[in-house]
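Chemist:
Number of protein chains: 2
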Amino acid sequence: MDTQAYMEALGRQARAASRQLAAASTDAKNRALRAMAAAVRAQRESLLAANARDLEAARAAGLDAALIDRLALTDKVIATMAEGLEQVAALPDPVGEITDMKRRPSGIQVGKMRVPLGVIGIIYESRPNVTADAAALCLKSGNAAILRGGKEALHSNQAIAACVRAGLAEAGLPESAVQVVETADRAAVGAMITMPEYVDVIVPRGGKGLIERISRDARVPVIKHLDGNCHVYVDDDADPAKVVPIVENAKTQRYAPCNTTESLVVARGVAQRFLPEIGRMLTGKGVEIRGCPKTLAILREAGIGQQHLREATEQDWREEYLAPIIAVKVVDGLDAAIEHINTYSSQHTEAIITENYSSAMRFLREVDSASVMVNASTRFADGFEYGLGAEIGISTDKIHARGPVGLEGLTSQKWIVFGNGEVRR
Amino acid sequence: MDTQAYMEALGRQARAASRQLAAASTDAKNRALRAMAAAVRAQRESLLAANARDLEAARAAGLDAALIDRLALTDKVIATMAEGLEQVAALPDPVGEITDMKRRPSGIQVGKMRVPLGVIGIIYESRPNVTADAAALCLKSGNAAILRGGKEALHSNQAIAACVRAGLAEAGLPESAVQVVETADRAAVGAMITMPEYVDVIVPRGGKGLIERISRDARVPVIKHLDGNCHVYVDDDADPAKVVPIVENAKTQRYAPCNTTESLVVARGVAQRFLPEIGRMLTGKGVEIRGCPKTLAILREAGIGQQHLREATEQDWREEYLAPIIAVKVVDGLDAAIEHINTYSSQHTEAIITENYSSAMRFLREVDSASVMVNASTRFADGFEYGLGAEIGISTDKIHARGPVGLEGLTSQKWIVFGNGEVRR
Numbered sequence: 001m002d003t004q005a006y007m008e009a010l011g012r013q014a015r016a017a018s019r020q021l022a023a024a025s026t027d028a029k030n031r032a033l034r035a036m037a038a039a040v041r042a043q044r045e046s047l048l049a050a051n052a053r054d055l056e057a058a059r060a061a062g063l064d065a066a067l068i069d070r071l072a073l074t075d076k077v078i079a080t081m082a083e084g085l086e087q088v089a090a091l092p093d094p095v096g097e098i099t100d101m102k103r104r105p106s107g108i109q110v111g112k113m114r115v116p117l118g119v120i121g122i123i124y125e126s127r128p129n130v131t132a133d134a135a136a137l138c139l140k141s142g143n144a145a146i147l148r149g150g151k152e153a154l155h156s157n158q159a160i161a162a163c164v165r166a167g168l169a170e171a172g173l174p175e176s177a178v179q180v181v182e183t184a185d186r187a188a189v190g191a192m193i194t195m196p197e198y199v200d201v202i203v204p205r206g207g208k209g210l211i212e213r214i215s216r217d218a219r220v221p222v223i224k225h226l227d228g229n230c231h232v233y234v235d236d237d238a239d240p241a242k243v244v245p246i247v248e249n250a251k252t253q254r255y256a257p258c259n260t261t262e263s264l265v266v267a268r269g270v271a272q273r274f275l276p277e278i279g280r281m282l283t284g285k286g287v288e289i290r291g292c293p294k295t296l297a298i299l300r301e302a303g304i305g306q307q308h309l310r311e312a313t314e315q316d317w318r319e320e321y322l323a324p325i326i327a328v329k330v331v332d333g334l335d336a337a338i339e340h341i342n343t344y345s346s347q348h349t350e351a352i353i354t355e356n357y358s359s360a361m362r363f364l365r366e367v368d369s370a371s372v373m374v375n376a377s378t379r380f381a382d383g384f385e386y387g388l389g390a391e392i393g394i395s396t397d398k399i400h401a402r403g404p405v406g407l408e409g410l411t412s413q414k415w416i417v418f419g420n421g422e423v424r425r
Numbered sequence: 001m002d003t004q005a006y007m008e009a010l011g012r013q014a015r016a017a018s019r020q021l022a023a024a025s026t027d028a029k030n031r032a033l034r035a036m037a038a039a040v041r042a043q044r045e046s047l048l049a050a051n052a053r054d055l056e057a058a059r060a061a062g063l064d065a066a067l068i069d070r071l072a073l074t075d076k077v078i079a080t081m082a083e084g085l086e087q088v089a090a091l092p093d094p095v096g097e098i099t100d101m102k103r104r105p106s107g108i109q110v111g112k113m114r115v116p117l118g119v120i121g122i123i124y125e126s127r128p129n130v131t132a133d134a135a136a137l138c139l140k141s142g143n144a145a146i147l148r149g150g151k152e153a154l155h156s157n158q159a160i161a162a163c164v165r166a167g168l169a170e171a172g173l174p175e176s177a178v179q180v181v182e183t184a185d186r187a188a189v190g191a192m193i194t195m196p197e198y199v200d201v202i203v204p205r206g207g208k209g210l211i212e213r214i215s216r217d218a219r220v221p222v223i224k225h226l227d228g229n230c231h232v233y234v235d236d237d238a239d240p241a242k243v244v245p246i247v248e249n250a251k252t253q254r255y256a257p258c259n260t261t262e263s264l265v266v267a268r269g270v271a272q273r274f275l276p277e278i279g280r281m282l283t284g285k286g287v288e289i290r291g292c293p294k295t296l297a298i299l300r301e302a303g304i305g306q307q308h309l310r311e312a313t314e315q316d317w318r319e320e321y322l323a324p325i326i327a328v329k330v331v332d333g334l335d336a337a338i339e340h341i342n343t344y345s346s347q348h349t350e351a352i353i354t355e356n357y358s359s360a361m362r363f364l365r366e367v368d369s370a371s372v373m374v375n376a377s378t379r380f381a382d383g384f385e386y387g388l389g390a391e392i393g394i395s396t397d398k399i400h401a402r403g404p405v406g407l408e409g410l411t412s413q414k415w416i417v418f419g420n421g422e423v424r425r
C-alpha cells in the first residue's frame, strides 16, 4: 500500500466529512455518541477478542509489563469507555455560540461565533480507550478526526472504530467523520502531520519524545503537552495550617500525573519553621529529597536520615521525576521564587502558599505558566476539576489552547457581521 | 558577524525583557508610547536623512517604483507614525484581565487571566513605519519584540528604533523590549523562526511568497495571513436595493486590500434580474469580468461589450486579483454557493446578500472563513472597523487568532486558581 496516497485519501474524506459535521445538529451528534456507547457495550465480546490478539502479539514481542497494562481492555475499561461517550453527549455543544456582538459606528454589528477547527489528527500510544475518548470529543466539537494509535493496539482500535462508525451511521452522520489509520507503517504519522490542506491541528498524546518529534516535523499546528515540572512556593506569609496539607497532596497523592509537584521552593525566612515538618512528612512516605545546601542543612539538623537526602544538581531543578522524588530549594523571597520558577518550570502549573494579598497577585501575574494557583494543590490542574467536563489533554503551549483542553480548545471563533446594506466609506 | 550567535543574543535579551514587560504597569507602557511619539516628531530630520540613504541605495539598485514608494518616509508618514503610537497608548491594556471566575465543587475558584505571549518576532518588507506600529502593539500587549524589516529599509528602521528605545528608557522600561535586527544577512530570518526557546510567535507581514516560506521553515507558531480571495453571494432572496451598492463597494472601493471581493456568486433564480445591472456598474468602472458560461450569456444579452468579458478558468475561482478583475459564477442556490465558497475561498471574508433568515443563519454557520457577513461589504473585515483599535494583521489561520488581529491576538490566557488550602481528593 502507498502510505502517502492512503493518508491523503483519509484526509480528503475527513475534510469532506468535516463540512457536514460543522453543520450537524447537536441532537444528531448526541444520538451518535449514545449509539456508540450502546455499540461498545453490545460488542464487548468482540472488543475483548480483538484486544486478546493485540495482547498476545505484545507478549510474544516481549513488550514490557507497563505497556501491556496500558494496552489491555478489561470489562471495567470497556464500561468506562461507554460511560465516557455518554458523558460527552451530556456536555453543552460549544458550536454556534455567539458572543461579544457590538454595534459599530458604521452601523454593522460585529461579534464572534464559535466553530469547529475542521479536521483533528490525534496521535497516541498504546491505550485503545483513547480511540473512543478522542472520537467523542472531536465529534461533539464538530470536528472530523483521524486517529492514529500505537501499532500494538491496531486490532483493538479497529474494533472500537467499528462501534464508532455504527454510532455515526445510526445518527445519519458520515462514517468518515472518525477514521482510524489502519496501517502500522510509521510513514503514516509523517504524512498526517504534513497535510495542512486536510488536517487543521494535531494533538499528540504520549511521551515527551513522541511529542518533540511530532512538533519538530509537523507542518500543521500542534497542541502539545511536553513535561510537567510543577512547583509549590511556600512564601514568607504562608498560613502554617495550609503548608503541609498542600505540599503533601501536590507531591504524594499520585506520583505519575503531569500536575504533580516536582519542585518545592521555600522562602528563607520560613525555611527553618516549615522544612523539618515537610521533610518528615515526605520522607515518611518514602519520598527522596534533592535539596540545595541550605535545605539539606536544615533537614539534617532536624534529624532526617541521610538515606533520604541528596544534594540537588542543576538538572534536578528541571526534572519531571514522575516518581517519589522532590527537588527543594530555599530562596530569598518572592522575587527569587518567581525568577527560579520562570527559569526552570515547564510552564505547566505552579502554586504559591501565602496569606499576603500583594504576593498572591504578583505570583499570579508574573509566573508564566498555564495554571497559576494561590493556596491550592497543583493536582487541581485538570479539565474535570476546572469544569471543562472532559479533557483531550493539557497544553504547555501559549498559542491557542493553554492548560487543560476541553471541547472549547477544539474550536475556533470566527467573526460574524450582521449588516443592513452597509458599505465602507 | 556570526548571525546565529547574534540572533541568539537578541533572543536571550528579548526573553529577559519580556519578563519585565509582563509585570510592567499600564502607566509605564503608555508613557513609553507617548515618549516614542514625541521622539519620532523631534527626530523628524534624522529620520528623513536615514531614509534618504535607503532611498538612494534603492534607486541605485534599480528597485521598482512601487517598492520605493513603500520605502519612502514623508512628513505625512512620520506624523501618522507618531499619531499611531499615541492611539495605541489610548487603547485599554489587555494584560491582567480576569474573566470566567467560577467556584468549583472542590471549593477552588477557577478562571482565566489574560497575559502576554512573551516574545514576538515580526518579519516585514520595505515599509519602515511598520517598525513603529509593530513596536507599539507588542509593547502595549506586554510582549518583547524582535523586528526584522526589509534590508532596503535598514537605516530608516535603525533611526526609528532609536526613537523607540528613547521612549522605553524615558519610562524606565528595558531597551531590549524592542530590538531591531541590524544585519541584512538573510540567515537572520532563518535563525529567528527556529528559536522556540526565545521567540513565542512569528508575525510575518508581506507577500504570500514570504509568508509561505516562513510558515514552511518555522519551528515557532506563525500568525499568518495568506491571500484574500473574498466572495459576495447574491442569494435568491436578496434585497434588490442592497445588491449593487454592496457589490460595488466590496469590489471597487479599493482594488489592493485583502478584504476586497474577488469573486461574485449569484443564485440562478436571480441572475437574470441582477447580473445586467451589476455588469454595467462594474464594466463602467473598468472592471474585467471573468464569468462562467451562464454569466457571460446573460451579460452579452444585456449588451455588455465583449472587450470586458472573458470565460473564467478553474484558476479564476482561486485567484486573488488585487486588480480591477472579478470572477463571476452562477450557482443553483445556497447549497451550491456554500460549496463553491468553501472549495475555492482563501477563508478570509465572505458575505451573503439575503433577506431570508434561515439562509443568513446557514451561511454564517457553514461558511468556513475568518469573517462571514450578512448584507454588508467584505471591505469591513478590518481591525479598526471591528473596533479592535489597531491591527497587527489579518489571520487566515484557525488556530489562536482568526481574522483581524489586535492587541488581544498578541496575548494568551492562563488559568488562575484562588484556593483556601484545598487539596484534591
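For the record, the sequence lines run as chains A and B.
Oh and the first sequence: position 2 is 2 in UniProt numbering, straight run, nothing missing.
Oh and the second sequence: position 184 is 184 in UniProt numbering, straight run, nothing missing.
C-beta atoms are modelled at their ideal positions from N, C-alpha and C, and glycine is treated no differently.
Which whole runs of the beta strand (DSSP E) in the UniProt domain "Aldehyde dehydrogenase" (317 to 381) of chain A are 3 residues long or more, in chain order?
Modeler: 325 to 331, 349 to 353, 371 to 376
Chemist: If we ignore side chains and look at the alpha-carbon of each, how far apart do Ala-351(B) and Ser-369(B) end up?
Modeler: In the second sequence, residue 351(B) corresponds to position 351, counting from 1. In the second sequence, residue 369(B) corresponds to position 369, counting from 1. The C-alpha of Ser-369(B) is placed about 10 Å away from the C-alpha of Ala-351(B).
Chemist: Going along the chain, which residues of its own chain have a beta-carbon closer than 8 Å to the beta-carbon of Arg-12(A), five neighbours each way excluded?
Modeler: As a first step, residue 12(A) must be located in the first sequence, where it is residue number 12. The answer, listed in chain order, is Tyr-198.
Chemist: Would Ala-327(A) and Ser-263(A) be called neighbours here (beta carbons separated by less than 7 Å)?
Modeler: For the purposes of this step, residue 327(A) is taken as the residue at position 327 of the first sequence. For the purposes of this step, residue 263(A) is taken as the residue at position 263 of the first sequence. Yes, the Cβ-Cβ distance between Ala-327(A) and Ser-263(A) is below 7 Å.
Chemist: Would you verify that the beta carbon of Trp-317(B) is, or is not, closer than 7 Å to some beta carbon of chain A?
Modeler: In the second sequence, counting from the first residue as 1, residue 317(B) sits at position 317. So, not an interface residue.
Chemist: Does DSSP put Arg-186(A) in a helix, in a strand, or in coil?
Modeler: As a first step, residue 186(A) is located in the first sequence; it is residue number 186 there, counting from the start. Three-state DSSP puts Arg-186(A) in coil, outside helix and strand.
Chemist: Does any C-beta atom of chain A lie closer than 7 Å to the C-beta of Phe-418(B)?
Modeler: Counting from one through the second sequence, the residue named residue 418(B) turns up at place 418. Answer yes: the Cβ-Cβ gap between Phe-418(B) and chain A drops below 7 Å somewhere.
Chemist: With a threshold of 8 Å, are at least 3 pairs of Cβ atoms found where one atom belongs to the segment 76 to 84 of chain B and the other to the segment 27 to 41 of chain B?
Modeler: yes
Chemist: When the Cα of Ala-23(B) is compared with those of Asp-382(A), Glu-366(A), Glu-391(A), which residue comes out closest?
Modeler: As a working mapping, residue 23(B) is identified with position 23 in the second sequence. Looking at the Cα atoms, Glu-366(A) is the closest of the given residues.
Chemist: In or out: Thr-313(A) buried (at least 16 other Cβ within 10 Å) or exposed?
Modeler: Here residue 313(A) refers to the residue found at position 313 of the first sequence. Thr-313(A) comes out exposed.
Chemist: State the Cα-Cα distance for the pair Asp-69(A) and Val-130(A), rounded to the nearest angstrom.
Modeler: The residue given as residue 69(A) occupies position 69 in the first sequence. The residue given as residue 130(A) occupies position 130 in the first sequence. Roughly 14 Å separates the two Cα atoms.
Chemist: Which one of Phe-418(B), Leu-410(B), Ile-416(B) has the shortest CA to CA distance from Leu-117(B)?
Modeler: The count along the second sequence starts at 1 and reaches residue 117(B) at position 117. Of Phe-418(B), Leu-410(B), Ile-416(B), the residue nearest in Cα terms is Leu-410(B).
Chemist: Which partner residues does Ala-267(A) have in the DSSP bridge list?
Modeler: Here residue 267(A) is taken as the residue at index 267 of the first sequence, counted from 1. In the DSSP output, where bridge partners are listed per residue, Ala-267(A) has Val-331(A).
Chemist: Once the 5 residues before and after Tyr-321(B) are set aside, which same chain residues still bring their CB inside 6 Å of it?
Modeler: Taking the second sequence and counting its residues from 1, one reaches residue 321(B) at position 321. The residues are Glu-262.
Chemist: Hey, would you say Ile-278(B) sits closer than 7 Å to Val-247(B), going by beta carbons?
Modeler: Sequence index remark: in the second sequence, residue 278(B) carries index 278 (1-based). Sequence index remark: in the second sequence, residue 247(B) carries index 247 (1-based). Yes.
Chemist: Thinking C-beta only, is Ala-153(A) closer than 7 Å to Asp-54(A)?
Modeler: Here residue 54(A) corresponds to residue number 54 of the first sequence, with the count starting at 1. Here residue 153(A) corresponds to residue number 153 of the first sequence, with the count starting at 1. Yes, Cβ-Cβ distance for Asp-54(A) and Ala-153(A) is below 7 Å.
Chemist: Does the CB of Glu-366(A) have a neighbour CB from chain B at under 7 Å?
Modeler: Looking up residue 366(A) in the first sequence gives position 366. Interface residue, yes.
Chemist: With a floor of 4 residues, list each alpha helix (DSSP H) that falls wholly inside the segment 217 to 287 of chain B, ordered by position along the chain.
Modeler: Taken in chain order, the unbroken stretches of alpha helix (DSSP H) that lie wholly in the segment 217 to 287 of chain B and span 4 residues or more are 240 to 252, 268 to 284.
Chemist: Does DSSP classify Ile-108(B) as helix, strand or coil?
Modeler: For the purposes of this step, residue 108(B) is taken as the residue at position 108 of the second sequence. Coil, per DSSP.
Chemist: What residue from Thr-252(A), Ala-267(A), Ala-159(A) has the CA that sits closest to Met-281(A)'s CA?
Modeler: Looking up residue 281(A) in the first sequence gives position 281. Residue Thr-252(A) is the option with its Cα nearest to Met-281(A).
Chemist: Let's test the definition: count the other Cβ atoms within 10 Å of the Cβ of Ile-98(B) and tell me whether it reaches 16, buried, or not, exposed.
Modeler: Numbered from its first residue, the second sequence carries residue 98(B) at position 98. Its Cβ having fewer than 16 others within 10 Å, Ile-98(B) is exposed.
Chemist: Quick one: is Leu-254(A) buried, meaning 16 or more other Cβ sit within 10 Å of its Cβ, or exposed?
Modeler: Counting from 1 along the first sequence, the entry for residue 254(A) is found at position 254. The amino acid occupying residue 254(A) in the given sequence is Arg; Leu does not appear at that position. Exposed.
Chemist: Give me the residue from Val-88(A), Asn-249(A), Glu-212(A) with the minimum Cα distance to Ser-141(A).
Modeler: Taking the first sequence and counting its residues from 1, the one referred to as residue 141(A) is at position 141. Ser-141(A) has its Cα closest to that of Val-88(A), out of Val-88(A), Asn-249(A), Glu-212(A).
Chemist: In this structure, does DSSP put Tyr-124(A) in helix, strand or coil?
Modeler: In the first sequence, residue 124(A) corresponds to position 124, counting from 1. Strand, per DSSP.
Chemist: Who are the Cβ neighbours of Cys-138(B) in its own chain at under 6 Å, not counting the five residues just before and after it?
Modeler: For the purposes of this step, residue 138(B) is taken as residue 138 along the second sequence, with counting starting at 1. Apart from the 5 residues on each side of it in sequence, Cys-138(B) sits with its Cβ closer than 6 Å to the Cβ of Ile-120, Ala-145 in its chain, given in chain order.
Chemist: Which residues in the same chain as Ile-108(B) place their Cβ atom closer than 6 Å to its Cβ, once the five residues preceding and following it in sequence are excluded?
Modeler: Here residue 108(B) refers to the residue found at position 108 when the second sequence is read from its first residue. Val-417, Gly-419, Glu-422, listed in sequence order.
Chemist: Look up Leu-147(A) in the DSSP assignment and give the residues it is bridged to.
Modeler: Numbered from its first residue, the first sequence carries residue 147(A) at position 147. BP columns for Leu-147(A) point to Ile-122(A), Val-180(A).
Chemist: Note down, in chain order, every chain B residue with its Cβ under 7 Å from the Cβ of His-400(A).
Modeler: The residue labelled residue 400(A) in the question sits at position 400 within the first sequence. Neighbours of His-400(A) in chain B, taken as residues whose beta carbon is under 7 Å from its own, are Ile-399, His-400 in chain order.
Chemist: So which residues on chain A does Pro-240(B) lean against when the C-beta distance must stay under 9 Å?
Modeler: Within the second sequence, the letter at position 240 stands for residue 240(B). By Cβ distance, chain A contributes nothing, its closest Cβ being about 11 Å from Pro-240(B), past 9 Å.
Chemist: At what residues does the beta strand (DSSP E) containing Leu-309(A) begin and finish?
Modeler: If you number the first sequence from 1, residue 309(A) lands on position 309. Boundaries of the beta strand (DSSP E) harbouring Leu-309(A): 309 to 311, taken from the DSSP string.
Chemist: Starting from Val-201(A), trace the beta strand (DSSP E) both ways and give me its first and last residue.
Modeler: Taking the first residue of the first sequence as 1, we reach residue 201(A) at position 201. For Val-201(A), the enclosing beta strand (DSSP E) has its first and last residue at 201 to 205.
Chemist: Please report the residue range of the alpha helix (DSSP H) in which Ile-298(A) lies.
Modeler: The residue labelled residue 298(A) in the question sits at position 298 within the first sequence. 293 to 301 is the span of the alpha helix (DSSP H), which, as asked, contains Ile-298(A).
Chemist: Strictly by DSSP, which residues pair up with Val-417(B)?
Modeler: Counting from 1 along the second sequence, the entry for residue 417(B) is found at position 417. Per DSSP, Met-373(A), Val-110(B).
Chemist: Quickly, what does DSSP pair Lys-102(A) with across the bridge? List them, please.
Modeler: For the purposes of this step, residue 102(A) is identified with residue 102 of the first sequence, where counting begins at 1. Lys-102(A) is bridged to Val-110(A).
Chemist: Cα-Cα, which of Leu-275(B), Gln-4(B), Arg-205(B) is closest to Arg-127(B)?
Modeler: For the purposes of this step, residue 127(B) is taken as residue 127 along the second sequence, with counting starting at 1. Minimum Cα distance to Arg-127(B) is reached at Arg-205(B).
Chemist: Buried or exposed, going by whether 16 or more other CB atoms sit within 10 Å of the CB of Glu-385(B)?
Modeler: On the second sequence, residue 385(B) is found 385 positions in, with the first residue counted as 1. Flag for Glu-385(B) reads buried.
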